[in-house]
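All letters in the sequence shown, in the order written, are residues 5 to 171 by our numbering.
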Amino acid sequence: MENETNNEEELENKVTNSETGEHQDMVPKQDYDELDDRYKRILAEFENFKKRSGKEREGLYNSILSDVVEVILPVLDNLENAMKVETQDEEYKKGIELVLKQFQEVLVSKGVVEIKAVGETFDPELHEAVSSIQDENLGEKEIAQEYRKGYKIGNRVIRHSMVVVAN
């Protein structure tokens, strides 16, 4: 008996679509608009969440990558210094050159870029001045020498260039 009462109530809440012959639930316009508005807000919140979490993930990745690169930069410095040393063994020198080139290619593939220094204008965001000189041939705050190369990923500086600034 209770089942019959429920069925009657369901039938009262349904209307027959004259074109298709299907039954459809009648939802008052106000309830439909509220549900539609709620759906749109939740969808917008979800899209914002996806964007925000993507940016956080990217920031975390760049942070970890820059920490790892910062630790291995002295190895790159030593390889570059090894290339400057004179040697009689050309095969040895070629081997060091290949390792250095491969190392630099890996860094570039990860978005690590060398900061330009010599001939550029001193920028405290990118360069660390360790000395200054007077040179009439160079402009004001122009970098005359680089002691240590600097690197960055995107806009984030991993290591500042150590430079000598003129005038």
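From the three backbone atoms N, C-alpha and C, an ideal C-beta is built for every residue, glycine too. Since the structure is predicted, the reported quantities are computational estimates derived from the model, not experimental observations.
For M166, the three-state secondary structure derived from DSSP is strand. By the Cβ criterion, the stretch 79-89 is not in contact with the stretch 115-134, since fewer than three pairs of Cβ atoms, one from each stretch, lie closer than 8 Å. A distance below 7 Å between beta-carbons, with the five flanking residues on each side excluded, links I137 to the following residues of its chain, in chain order: A148, V168 and A170. Beta-bridge annotation (DSSP): Q149 is paired with V168.
G123 counts as exposed, since fewer than 16 other beta carbons sit within 10 angstroms of its beta carbon. Taking a contact as a CB-CB distance under 8 Å, the pair K97 and T125 does not count as one, their CB atoms being some 35 Å apart. Judged by their CB atoms, F50 and L80 are not nearer to each other than the 9 Å cut-off.
Contact annotation, G115 with G154: C-beta distance approximately 15 Å; criterion of less than 8 Å not satisfied.
The beta carbon of A121 is closer than 6 Å to those of I147, E150, S165 and V167 in its chain, skipping five residues each way along the sequence. By the neighbour-count definition (other C-beta atoms within 10 Å, threshold 16), K156 is a buried residue. Boundaries of the beta strand (DSSP E) around V117: V116 to I119. For E132, no alpha helix (DSSP H) segment is defined; the enclosing uninterrupted segment is the beta strand (DSSP E) at H131 to I137. Here the C-alpha atom of V75 lies approximately 16 Å from the C-alpha atom of L104. Per DSSP, G123 lies in no beta strand (DSSP E) segment and is marked neither H nor E. For G154, the uninterrupted beta strand (DSSP E) run begins and ends at G154 to I157, by DSSP. In this model, V72 and L39 are separated by some 49 Å (Cα to Cα). Bridge partners of V161 according to DSSP: K156. For D93, no alpha helix (DSSP H) segment is defined, and its DSSP state is neither H nor E.
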